[in-house]
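Scroll down for the structure; my scribbles are underneath it.
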Amino acid sequence: MRAHDLSAGGGVLARAHDVARAAARIHGLPDAEVTLINVSENATYRVDDPVTGRRSILRVHRLGYHSIPAILSELAWLEALREQEGIRTPRVLQAPDGSRVLTVPGAEPRECVMFELLPGAEPSLENPVPGFERLGALTARMHRHARRWSRPEWFTRFHWDYEAALGAGARWGRWQDGLGMEAEARAVLGRLDKELRERLHRFGRGPERYGLVHADLRSANLLVAGEGPPSVIDFDDCGFGWHLYDLAAAVSFIEHLPEVPELLDAWVRGYRTVLDLPAEDEAEIWTFVMFRRLLLVAWIGTHTGADIAVELGSGYTEGACELAERYLGGSLR
35 MRAHDLSAGG GVLARAHDVA RAAARIHGLP DAEVTLINVS ENATYRVDDP
85 VTGRRSILRV HRLGYHSIPA ILSELAWLEA LREQEGIRTP RVLQAPDGSR
135 VLTVPGAEPR ECVMFELLPG AEPSLENPVP GFERLGALTA RMHRHARRWS
185 RPEWFTRFHW DYEAALGAGA RWGRWQDGLG MEAEARAVLG RLDKELRERL
235 HRFGRGPERY GLVHADLRSA NLLVAGEGPP SVIDFDDCGF GWHLYDLAAA
285 VSFIEHLPEV PELLDAWVRG YRTVLDLPAE DEAEIWTFVM FRRLLLVAWI
335 GTHTGADIAV ELGSGYTEGA CELAERYLGG SLR
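Read in the working numbering, the sequence shown has 192 at position 158, and its numbers run on one by one without any break.
Below, the structure written as structure tokens:
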């Protein structure tokens, strides 16, 4: 897998910025100020209209990552969650021609989606346990909705199973190409990979364990305003995966912190207020935490321009090895 296009350099980002400005004009906002917020799979911008004072969020999609039907499928789920389950998700702001997904023409046409800007801020990590309990309950509501929802016939999203994450078709690249991948690290993480593959195969993909998930419910994709459940944003990675993958994603990049076991317990308590979580499923939570961690080692290796990848670097691989030794030794179960 080639390094993803939006982390490839300033020239690519400059073109994405031009696309964002063009998308704002097509949306009838010719004088809007377009400000880059972050770069991950996509480039996300805040759009400030000086005429109306309205602020919105514009997502410029990475080339070749999602088809238009896949993007429309994402938008269909976040709309259904809001309308049918009462979960706060951002509304899509259609272009003047009614398009929900706008294709900006050019030498490399790019898809863009404009969203409303929801109120709130990223959850604080100062006292995270109550927040994780609320997140567990919210996640269970999302899973419950996904199980009951009659998806449109054209609905299409990718999978987050072993093959898509770590196998021959690894979506974010090979973990073996992660930063700081010396021979010792490759050996430890190779043993981890083998153990994960075997345990996930035994765990299976029955409908009670595997279905439509958000796949990136970390704090960066939650907005808190008051004491209620958070709003959920950025469904770009939503797809079919294990329900416990949503828990693993919630501790992305902080898996090594000493308070994580307490956060996992809080999430489970919250989840069980809405849906059952059998003890045999709970026993595999760290399998999914390590599955996500190894996937993120690969992600950092192919997204070297992303801010968090620059911040974590090869130290994230080193930390993954330390966690892998503990997991393989049985102290993380």
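Every residue gets a Cβ at the ideal spot worked out from N, C-alpha and C, and that includes glycine.
* Where N72 falls: helix, strand or coil (DSSP) -> If you number the sequence shown from 1, residue 72 lands on position 38. In this structure, N72 counts as strand in the three-state DSSP scheme.
* Tell me, please, whether the stretch 275-289 touches the stretch 319-337 by the rule of three or more beta-carbon pairs shorter than 8 Å. => The stretch 275-289 vs the stretch 319-337: in contact.
* Distance CB(V138)-CB(A58) smaller than 8 Å -> On the sequence shown, position 104 is the one that residue 138 refers to. On the sequence shown, position 24 is the one that residue 58 refers to. Cβ atoms of V138 and A58: not closer than 8 Å.
* **Cut-off 7 Å between Cβ atoms - residues of its own chain near R36, not counting five sequence neighbours on either side** => Counting from 1 along the sequence shown, the entry for residue 36 is found at position 2. Confidence at R36 is low in this model, with a pLDDT of 39, below 50, so its placement is unreliable and the value that follows should be read with caution. Only residues of its own chain outside the window of five on either side were considered, and among them none has a CB closer than 7 Å to the CB of R36.
* **S107: first and last residue of the uninterrupted alpha helix (DSSP H) it sits in** => Position 73 of the sequence shown, counted from the start, is the residue given in the question as residue 107. Note, S107: alpha helix (DSSP H), 102-114.
* With DSSP as the reference, please indicate the residues paired to I121 in a beta bridge. => Counting from 1 along the sequence shown, the entry for residue 121 is found at position 87. Paired residues: none, contrary to the question.
* Are the stretch 226-243 and the stretch 255-273 touching, with three or more C-beta to C-beta distances below 8 Å? -> No: fewer than three Cβ pairs fall under 8 Å.
* Asked: Counting along the chain, where does the beta strand (DSSP E) carrying V247 start and finish?
  -> If you number the sequence shown from 1, residue 247 lands on position 213. That run of the beta strand (DSSP E) goes 244-247.
* Asked: Can the beta-carbon of S107 be found less than 8 Å from the beta-carbon of T173?
  -> Walking along the sequence shown from the start, residue 107 turns up at place 73. Walking along the sequence shown from the start, residue 173 turns up at place 139. Between S107 and T173, the C-beta gap is not smaller than 8 Å, which leaves the two residues out of contact.
* To do: State the DSSP-derived secondary structure class of E187, mapped to helix, strand or coil.
  => Translated into the one-based positions of the sequence shown, residue 187 becomes position 153. Look at E187 here: in three-state DSSP terms it is coil, with no helix or strand label.
* To do: Drop a sphere of 10 angstroms on the beta-carbon of W301, count the other beta-carbons inside from all chains shown, and report buried for 16 or more, exposed for fewer.
  => To locate residue 301, count along the sequence shown from 1; it is residue 267. Within 10 angstroms of the beta-carbon of W301 lie 16 or more other beta-carbons, which makes it buried.
* To do: Pull up the distance between the alpha-carbon of R181 and that of G240, whole angstroms please.
  => What you label residue 181 is simply residue 147 of the sequence shown in a count that begins at 1. What you label residue 240 is simply residue 206 of the sequence shown in a count that begins at 1. Approximately 12 Å between the Cα atoms of the pair.
* To do: Return the CA-CA distance between S368 and G165, expressed in angstroms with no decimal places.
  => A question about residue 368 goes unanswered here, because the residues of the chain that appear run from 35 up to 367.
* Report yes or no: do the stretch 142-161 and the stretch 214-229 share at least 3 C-beta pairs separated by less than 8 Å? => Contact fails between the stretch 142-161 and the stretch 214-229, because fewer than three Cβ pairs, one in each stretch, are under 8 Å apart.
* **Simplified DSSP assignment, three categories, for L357** => Residue mapping note: residue 357 aligns to position 323 of the sequence shown, counting from 1. Note: L357 maps to helix in three-state DSSP.
* **First through last residue of the beta strand (DSSP E) which encompasses Y79** => Against the sequence shown, residue 79 aligns to sequence position 45. Note, Y79: beta strand (DSSP E), 77-82.
* **Where A155 falls: helix, strand or coil (DSSP)** => As a first step, residue 155 is located in the sequence shown; it is residue number 121 there, counting from the start. A155 falls in the strand class under three-state DSSP.
* Going by DSSP, what residues sit across from E145 in a beta bridge? -> As a position in the sequence shown, residue 145 is number 111, starting the count at 1. Assignment of beta-bridge partners to E145 by DSSP yields T137.
* Starting from W276 and walking both ways along the beta strand (DSSP E), at which residues does that stretch end? -> Taking the first residue of the sequence shown as position 1, residue 276 is located at position 242. It spans 273-276 - the beta strand (DSSP E) in which W276 sits, taken as one unbroken run.
* Asked: If you run the structure through DSSP and keep just helix, strand and coil, what is I334?
  -> As a working note, residue 334 is residue 300 in the sequence shown. In the structure shown, I334 sits in a helix (DSSP, three-state: H, G or I).
* Asked: Looking at C-beta atoms only, is the number of pairs between the stretch 190-208 and the stretch 89-108 that lie closer than 8 Å three or more?
  -> Between the stretch 190-208 and the stretch 89-108, the count of C-beta pairs closer than 8 Å reaches three or more; the two stretches touch.
* Asked: Of the residues V258, D310, W320, G262, which one's Cα is nearest the Cα of L281?
  -> The sequence position of residue 281 within the sequence shown is 247, counting from 1. Taking only the C-alpha atoms, the option nearest L281 is W320.
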